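Encoded as structure tokens, the structure appears first; notes follow it.
Numbering (UniProt numbering), first residue to last: 1 to 268.
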């Protein structure tokens with residue numbers, strides 16, 4: 001456990017330094033390479049800590065805290081990869097501190113149920129697809145939050161500070177819908193594999209998780225259709241993303257809290 005604490009502290013420190021480097025890059029034009037290196041270090045240490053927290057004697061442990069940490073790590077990793085070629089590095093001002101906080105949460109909220117037996121490959125595929133979907137949609141929600149602030153800044157007065165370094169609104173909205181589209185695709189695969197490979201939903205107290213996941217899927221489906229058919233954008237798009245993401249968060253973490261902390265059971 002001592003090593004995990006050290007790894008999380010190193011990851012959090014690297015994320016904090018990367019956040020400051022993002023600010024310096026956009027405020028003073030400092031090289032973005034510093035952000036890439038510092039955030040990369042944070043991601044590596046965060047990953048090592050996650051491996052130590054979730055893998056024990058060949059079995060996987062994913063409690064509420066480690067799941068939160070894992071989702072944030074995936075979103076930060078996707079941001080790090082995308083920012084190598086796209087002008088979305090400013091999202092690091094939100095995503096990297098969030099990843100650091102979630103890494104700490106992984107330590108503070110341990111799994112109460114201990115290790116579980118190894119899963120067969122269909123369930124492993126379902127879990128990986130679900131987590132990739134959550135990572136993409138988490139990054140999409142962060143993008144929506146930044147876009148909302150950008151809209152507000154433009155309505156109130158001419159943009160200043162970091163807002164002057166952001167891409168145009170149209171570019172930001174295009175990126176938002178690409179993230180949501182990719183996340184929606186992965187969520188569709190996750191729901192499909194869950195329906196195929198998870199049996200006895202009601203006996204495992206997973207019905208509410210399935211219903212909320214489908215509800216979130218419908219919200220994102222309507223949003224993407226509205227974008228394609230009617231050109232939805234701006235505040236409507238941001239609200240749609242936030243509503244869908246909140247429903248998805250309740251689907252996973254609400255179910256996990258009920259199962260683990262109230263019913264004393266476990267699901268990945």
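Just so it is clear, CB atoms sit at the ideal spot from N, CA and C, and this is done for glycine as well. In this text the structure is predicted, and so the values were computed from the model without any measurement.
- Setting aside the 5 residues that flank it on each side, residue 151 is surrounded in the same chain by 169, 234, 235 and 238, each with a C-beta closer than 8 Å to its C-beta; the list follows chain order.
- Residue 37 has its alpha-carbon roughly 24 Å from the corresponding atom of residue 68.
- Where residue 140 is concerned, the enclosing alpha helix (DSSP H) starts and stops at 121 to 156.
- Classified as buried, residue 18 has 16 or more neighbouring CB atoms from the shown chains inside 10 Å of its CB.
- Relative to residue 246, the option among 72, 213 and 226 whose CA is nearest is 213.
- Looking at the backbone, the Cα of residue 10 and that of residue 144 are separated by about 29 Å.
- By the neighbour-count definition (other C-beta atoms within 10 Å, threshold 16), residue 225 is an exposed residue.
- Assigned with DSSP and collapsed to three states, residue 248 falls in helix.
- Along the length of the segment 33 to 94, whole alpha helix (DSSP H) runs at least 4 residues long occupy 33 to 54 and 64 to 82, reported in chain order.
- Counting every other CB atom within 10 Å of its CB across the protein chains shown gives residue 231 a total below 16, marking it as exposed.
- Cβ atoms of residue 189 and residue 129 come within 8 Å of each other, at about 5 Å.
- Between residue 52 and residue 4, the alpha-carbon positions lie close to 7 Å from each other.
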